[in-house]
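Below is one structure; the comments refer to it alone.
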Amino acid sequence: MPLTLEIVTPEARVYSDTVETVVVPTVQGELGILPGHIPLLTQVEHGELRVTKGGQTSLLAVGGGFMQVEGDLVSVLAEHAIREEQIDESAAEKAVERAQEALKNRGQLDATEVERLEGLVRFSVAQLGVKRRRR
Amino acid sequence: MELVAASKMKKAQQVALAGRPYTELMADMLAALAPRVDESKHPFLTAREVKIRGILLLTTDKGLCGPLNSNLFKLVVDIKTPAKFVVVGRKGAQFLARTKRDLLADFPIDDRVPFSAVKAAAEFLVEKFLAGEIDTVEVIYPQFKNTLVQEPVCRPVLPLSNLREFLDKIEGDSSVARARRDEREMRIEPDPTTVLEALLPFYVNRHIYELVLLAKASEHSARMVAMKTAKDNANKLLGDLTLQYNKARQAAITQEILEIAAAQFATG
Numbered sequence: 551m552p553l554t555l556e557i558v559t560p561e562a563r564v565y566s567d568t569v570e571t572v573v574v575p576t577v578q579g580e581l582g583i584l585p586g587h588i589p590l591l592t593q594v595e596h597g598e599l600r601v602t603k604g605g606q607t608s609l610l611a612v613g614g615g616f617m618q619v620e621g622d623l624v625s626v627l628a629e630h631a632i633r634e635e636q637i638d639e640s641a642a643e644k645a646v647e648r649a650q651e652a653l654k655n656r657g658q659l660d661a662t663e664v665e666r667l668e669g670l671v672r673f674s675v676a677q678l679g680v681k682r683r684r685r
Numbered sequence: 003m004e005l006v007a008a009s010k011m012k013k014a015q016q017v018a019l020a021g022r023p024y025t026e027l028m029a030d031m032l033a034a035l036a037p038r039v040d041e042s043k044h045p046f047l048t049a050r051e052v053k054i055r056g057i058l059l060l061t062t063d064k065g066l067c068g069p070l071n072s073n074l075f076k077l078v079v080d081i082k083t084p085a086k087f088v089v090v091g092r093k094g095a096q097f098l099a100r101t102k103r104d105l106l107a108d109f110p111i112d113d114r115v116p117f118s119a120v121k122a123a124a125e126f127l128v129e130k131f132l133a134g135e136i137d138t139v140e141v142i143y144p145q146f147k148n149t150l151v152q153e154p155v156c157r158p159v160l161p162l163s164n165l166r167e168f169l170d171k172i173e174g175d176s177s178v179a180r181a182r183r184d185e186r187e188m189r190i191e192p193d194p195t196t197v198l199e200a201l202l203p204f205y206v207n208r209h210i211y212e213l214v215l216l217a218k219a220s221e222h223s224a225r226m227v228a229m230k231t232a233k234d235n236a237n238k239l240l241g242d243l244t245l246q247y248n249k250a251r252q253a254a255i256t257q258e259i260l261e262i263a264a265a266q267f268a269t270g
């Protein structure tokens, strides 16, 4: 019985397919999910999410969020998520630069803005990590 | 303007619908988590005596959208208990100033509805709620039923005192109510309280965001309908006036011919 993986962000349902295994970055380290996993609810970190389907591994970059495993359904609730092939490397690099530039005078920014920018940096770095992994 | 509103409406509805699975999934997770934590542990979950209600009023910046805003104001007028208001949209701010109600803050949110702007408003309310300045967080907004019908609704957001009941309600009208439930005990990592503490503020922000999106969709629909009515009325008026003008012109011509004929008759 294969797993059903769903990745949902506020903007759209990014991924919805049956897969064999999923490796998710959680707050307690990477976590691999195989069919028959016990029900689980955990927090997801910024990082790369690996999906294996038919012997092929595909990568996605995810932002922070939550994951629920229930039966054979794996649902990931993330702030952002993007498939490897859709990542624009130069855009991500620029986003990191811009955000870090803005973060230099973090004293003047309010806490929510700092939080948003840090989230952006982490997600962009995760995107770059996914992209460079193949080389 | 009808067409402008129509295209904006379509966009707003799409955005509102795209966020749906996310919110439903989040509600689902909350439902899984709820029985495993003590409700009294988190301030969001404990009901307290309501002395001052905190109300977020979602209105539009511009007029020309039919009775949308005035329907919301009727709900506000009905509130007799002490309440403090936070408002989105210029119309609402003007109304509250006119009726001399306690306005805490006013957040402008443009048509693109950036999440960060809504988050600022939501966090402001949560802060006041935690500080004890207000005892509830409620949202008054136009519920989007369909393009023709928008109903003003007052929806309580905090406290989620009766989480179970609340979840049953939202699950009732969502498609998430899954029949296939795993019977085994759920593991929650690192531990239920941590996850709940991370999830709840997230959920409140998200919930309010969705209500704002619905309010925007309502606004554009109401405006489209109002503009269509206005256009139809103007067309009808134009027809009537053209008819009247033609009649008057014809009468004048007939009169002139009569006068010329009479003059000729008299001289001839």
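Chains as they are written, first to last, in the numbering used here: chain A, 551 to 685; chain B, 3 to 270.
The C-beta atom is built at its ideal place from N, Cα and C for all residues, glycine as well.
Keep in mind the model is a prediction, meaning the values are calculated, not measured.
Check whether the Cβ atoms of residue i and residue j lie closer than 8 Å to each other.
i	j	result
Pro203/B	Val128/B	yes
Leu160/B	Phe131/B	yes
Thr559/A	Ala611/A	no
Ala219/B	Ala18/B	yes
Thr576/A	Glu595/A	yes
Leu35/B	Ile190/B	yes
Lys230/B	Asp113/B	no
Gly21/B	Glu187/B	no
Val52/B	Thr138/B	yes
Phe97/B	Phe75/B	yes
Arg563/A	Pro23/B	yes
Arg626/A	Ile557/A	Note that residue 626/A is Val in the sequence shown here, rather than Arg. For Val626/A and Ile557/A, yes; Cβs fall inside 8 Å.
Ala2/B	Asp104/B	Nothing about residue 2/B can be read from this structure; chain B reaches only from 3 to 270.
Gln658/A	Ala200/B	no
Glu629/A	Lys681/A	no
Arg672/A	Leu609/A	no
Pro192/B	Val39/B	no
Ala122/B	Ile210/B	no
Gln152/B	Leu260/B	no
Leu198/B	His44/B	yes
Applying the criterion that 16 or more other CB atoms from any shown protein chain within 10 Å of the CB defines a buried residue, is residue i buried or exposed?
i	result
Tyr565/A	buried
Thr244/B	exposed
Gly56/B	buried
Tyr205/B	buried
Ser640/A	exposed
Asp234/B	exposed
Gly597/A	buried
Leu591/A	buried
Ser223/B	buried
Glu221/B	buried
Leu644/A	The sequence given here has Lys at residue 644/A, not Leu. The residue in question, Lys644/A, is exposed, as its Cβ has fewer than 16 Cβ neighbours within 10 Å.
Phe267/B	exposed
Contact criterion: CB-CB distance below 8 Å. Does residue i meet it with respect to chain A?
i	result
Glu125/B	yes
Ser220/B	no
Lys12/B	no
Ala33/B	no
Ala20/B	yes
Lys238/B	no
Leu47/B	no
Ser118/B	yes
Val178/B	Note that Val178/B has pLDDT 44, beneath the 50 cutoff, so the model's placement of it is unreliable and no number is given.
Take residue i and list the residues in its own chain whose beta-carbon comes closer than 8 Å to its own, dropping the five residues that flank it on each side.
i	result
Pro552/A	Thr568, Val569, Glu570, Pro585, Asp622
Val227/B	Gly68, Thr149, Leu150
Of all Cβ atoms in chain B, is any one closer than 8 Å to the Cβ of residue i?
i	result
Phe616/A	yes
Ala562/A	yes
Ile588/A	yes
Leu667/A	no
Gln593/A	yes
Thr554/A	no
Ser625/A	yes
Thr568/A	no
Val664/A	no
Val558/A	yes
Gln658/A	no
Any idea which residues DSSP pairs residue i with across the strands?
i	result
Glu580/A	Pro575/A
Gly615/A	Val594/A, Ala628/A
Arg633/A	Leu610/A
Leu243/B	The partner list for Leu243/B (beta bridge, DSSP) is empty, contrary to what the question assumes.
Leu35/B	DSSP, once it has assigned bridges, lists no residue as partnering Leu35/B.
Thr568/A	Thr554/A
Phe109/B	Val90/B
Cys67/B	Cys67/B is not bridged to any residue.
Arg189/B	Leu590/A
Please return the same chain residues whose Cβ sits closer than 6 Å to the Cβ of residue i, not counting the five positions on each side in sequence.
i	result
Pro84/B	Ile54
Ala217/B	Leu60, Tyr143, Pro144
Glu665/A	none
Glu580/A	Val573
Arg50/B	Asp137
Val601/A	Val569, Val572, Ser608
Chain E beta carbons: is any one of them nearer than 8 Å to that of residue i?
i	result
Glu191/B	This model lacks chain E altogether; the protein chains it does include are A and B.
Sorted by chain position, which residues of the same chain lie with C-beta nearer than 7 Å to residue i's C-beta, five sequence neighbours on each side aside?
i	result
Gly679/A	Glu598
Pro116/B	none
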